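Written out below as structure tokens is the structure these notes cover.
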Amino acid sequence: MAVTRGFQGRGAGVDPSRVPPGQYVTKDFPVLSAGPTPQASLDSWEFTIRDAVDEPVSWSWAEFRALPRETFTVDIHCVTKWTKVDTTWSGVSLDTLLAAVGTAASYAMAFADGGYTANVPLDDLRGGRAWVVDEYDGKPLAPEHGGPARLLVPHLYFWKSAKWVRGLELRPFDQAGFWEMFGYHNYGDPWKEQRYSGD
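Written as structure tokens, this is what we have:
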């Protein structure tokens, strides 16, 4: 795993009830990646929902940008023990995207450029709990942070918020994603410190 930028600050003044067990608050936005940063062309970019659906559906970059958008502020929590509070993002709710497909699936596998995947129960992507985001702090999402678009599931550890996301495969069964196959917890609830398999 490549790690860049410093881990500074311990979050003085942050309400401790916002910080999960074992975490510290940073003012930085550390960059952690399993490999080189992909460079996606927006001309060929698509977001696709496929597999256990009535009909697969895809959006081009222009079509995705034309969907109803939300801007919101959330805290994010990395399995490497940093928490960043009051992060502001813009993007499209998974509720909007999933409304375009019919499915009886219970699980989703996010897939992304670079071969990265992340498994998430479908219920965790619904109900205003997850988004595909393309802006951070009022600016286009930088490639190092997953741009042009990443999944954002802030109530789970940040590895579930797949960088460089290209779509979801909906499934009737669960299957381990990239980091889960390397021993990370299958679900990843920061409030229960579900960091690794067996936690």
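Note that UniProt numbering has the sequence shown beginning at 1, numbered continuously upward. Beta carbons are placed, not taken as given, at the ideal position from N, Cα and C, and that holds for glycine. Remember, predicted model here, so these are calculated numbers, not experimental data.
For residue i, three-class secondary structure by DSSP
i: Ser-161; result: coil
i: Ser-41; result: coil
i: Phe-173; result: coil
i: Asp-113; result: helix
i: Ala-62; result: helix
i: residue 230; result: This structure leaves residue 230 out entirely; the chain is present only between 1 and 199.
i: Ser-17; result: helix
i: Gln-194; result: coil
i: Leu-67; result: coil
i: Asp-28; result: coil
i: Arg-10; result: Annotation note: pLDDT 48 at Arg-10 (below 50); position unreliable, coordinate value reported separately. It is coil, neither helix nor strand.
i: Asp-123; result: helix
Anticipated Cβ contact below 8 Å, residue i with residue j, distance rounded
i: Val-57; j: Ala-100; result: 5 Å
i: Leu-98; j: Leu-125; result: 7 Å
i: Val-133; j: Leu-94; result: Not confirmed; about 11 Å, so no contact.
i: Thr-26; j: Trp-82; result: 5 Å
i: Gly-188; j: Lys-160; result: 5 Å
i: Thr-96; j: Pro-140; result: At roughly 20 Å, the Cβ-Cβ gap does not stay under 8 Å, so Thr-96 and Pro-140 are not in contact.
Pick from the options that is closest to residue i, judged by C-alpha positions
i: Asp-15; options: Gly-138, Lys-84 and Ala-62; result: Lys-84
i: Asp-113; options: Tyr-184, Pro-121, Tyr-107 and Gly-167; result: Gly-167
i: Glu-144; options: Gln-23, Pro-38, Val-132 and Arg-195; result: Pro-38
i: Ile-76; options: Gln-194, Arg-195, Ala-62 and Pro-190; result: Pro-190
i: Asp-123; options: Glu-63, Val-153, Trp-45 and Gly-177; result: Val-153
i: Thr-73; options: Ala-176, Thr-103, Tyr-136 and Arg-50; result: Tyr-136
i: Val-31; options: Pro-172, Asn-186, Gly-188 and Gly-146; result: Gly-146
i: His-28; options: Pro-121, Phe-173 and Thr-87; result: Checking the displayed sequence, the identity of residue 28 turns out to be Asp instead of His. Of the listed residues, the one whose Cα sits closest to Asp-28 is Thr-87.
Where residue i falls, given that 16 or more other Cβ within 10 Å makes a residue buried
i: Ala-149; result: buried
i: Thr-117; result: buried
i: Asn-119; result: buried
i: Leu-170; result: buried
i: Ser-44; result: exposed
i: Gln-23; result: buried
Segment limits, beta strand (DSSP E) that includes residue i
i: Asp-134; result: 131-136
i: Asp-75; result: 70-77
i: Phe-47; result: 46-51
i: Arg-150; result: 150-152
Residue span of the alpha helix (DSSP H) that contains residue i, given as start and end
i: residue 257; result: Here the chain comprises residues numbered 1 to 199, so residue 257 is not present and cannot be evaluated.
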